[in-house]
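Here's the structure we're looking at; comments come further down.
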Amino acid sequence: MAPKPHIMEGYSRDPTLSPPSFGNETDHLRRVALITGSASGIGRAVAHIFVEEGCTRLILADLDEGGLSTVAEELKKLNPEVKTCLCLCDVSSETDVQKMIDDGVKAFGAIHYAVNNAGVASQPRVKTHELEVEAWDRVQNINGRGTWLCQRAEIRQMLSQEPSLSMRTGASAQRGAIVNLSSIFAFATQATNGAYSSSKASVNGMTKTDAITYAKDGIRVNSVCPGSTLTPLLEVGLKAGTYSPNIVDAIPFGRLGRPEEIAQGIVFLASERASFITGESLVIDGGSLSYYHF
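The end of the sequence shown is residue 294 by UniProt numbering, with every number in the run present.
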């Protein structure tokens with residue numbers, strides 16, 4: 001049996017050097033980011049922040065072709081050096097997901113950061129005994145199956161890549177980082193929201209499972225769990241009466257989250273700043289889960 005590596009193996013950083021700096025120059029500058037559901041809302045904000053952090057190669061996926069083109073133009077204005085690969089992708093389709101990966105790798109050679117953001121809300125919001133199987137399946141197929149299909153394809157691609165994400169902390173290089181979009185409804189739910197809540201709980205489950213499975217391969221997997229955030233999806237729900245106009249009463253800050261605030265957490269988890277973080281579900285909700293609302 002081969003001897004176990006020494007506990008200090010992989011820590012080659014010169015102890016006389018000053019502490020690692022995380023300034024404007026980040027490893028994003030030379031890396032490739034994939035974002036699903038990137039035509040609007042949180043996905044759009046994630047793309048913007050990646051570019052602001054120095055990322056110039058992005059694979060943007062959505063079913064909204066016009067929205068994708070608009071976001072690509074916005075990113076080009078932020079940085080003329082930005083190159084995008086636009087993919088029309090139904091994440092619940094294994095064929096579509098694999099084509100997205102193949103097209104992205106053909107364009108840029110690799111995938112280092114993957115943000116699985118595409119998702120839908122429960123429609124209609126009814127009690128379990130009133131819910132049709134088709135409505136349940138739609139939510140599970142996109143939020144659960146879709147996230148899993150994307151994560152599986154991304155892991156397969158990352159395993160084929162050399163560990164090239166160097167860490168200025170001196171830790172071993174990594175192959176890639178995946179961030180899944182979950183929700184605070186994975187932890188606490190509402191009546192008539194069973195399909196959505198269960199789908200997001202499954203996202204946290206697959207996140208933790210693959211985080212521990214692929215840590216030794218240099219792949220980190222985390223999730224972000226937003227609270228109520230002002231996205232096009234929520235705006236539609238407010239207009240349709242799916243969400244109460246008093247939704248902010250359950251948020252200690254007294255306002256909805258902004259897509260950019262959620263995106264900051266996502267990009268942090270994808271970055272080398274989070275090099276020792278995996279299997280976590282980061283809640284970004286303005287204190288909602290901590291607030292016992294009478």
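For each residue, glycine too, the CB sits at the ideal point set by N, CA and C.
key: S182 versus T95, N143, G67 and V82, residue with shortest Cα-Cα distance   = N143
ask   = Mind pulling the alpha helix (DSSP H) runs of 4 or more residues that sit fully within the region 258-290?
value = 259-270
query = Enumerated in chain order, which unbroken segments of the beta strand (DSSP E) with a length of 3 residues or greater are wholly contained in the region 158-203?
reply = 176-181
key: C-alpha gap between residue 340 and S166, whole angstroms   = Only positions 1 to 294 of the chain appear in this structure, which leaves residue 340 out of reach.
key: Own chain residues within Cβ distance below 6 Å of K76, not counting five before or after   = By the criterion of a C-beta distance shorter than 6 Å, K76 is surrounded in its chain by V82, once the five residues flanking it on both sides are discounted.
ask   = Taking one C-beta from the region 246-261 and one from the region 204-215 each time, how about it: are there three or more such pairs within less than 8 Å?
value = Cβ pair count under 8 Å is below three, so no.
query = In terms of DSSP beta bridges, what is R220 paired with?
reply = A177
message = Report the CB separation of S288 from G241 in whole angstroms; it is logged as a contact under 8 Å.
response = In fact, because the Cβ distance is near 21 Å, the residues do not count as touching under 8 Å.
query = Can you give the Cα-Cα distance for A255 and K106, rounded to whole angstroms?
reply = Just to set this straight, residue 255 is Arg in the shown sequence, not Ala. Rounded to the nearest angstrom, the two C-alpha atoms are 42 Å apart.
query = beta strand (DSSP E) containing K83: first to last residue?
reply = K83 to L88
key: Inter-residue Cα distance where the pair is E235 and G41   = 11 Å
Touching by the beta-carbon criterion (3+ pairs, under 8 Å), the region 256-268 and the region 64-75 = Two segments are said to touch when three or more pairs of C-beta atoms, one from each, lie closer than 8 Å; by this definition the region 256-268 does not touch the region 64-75.
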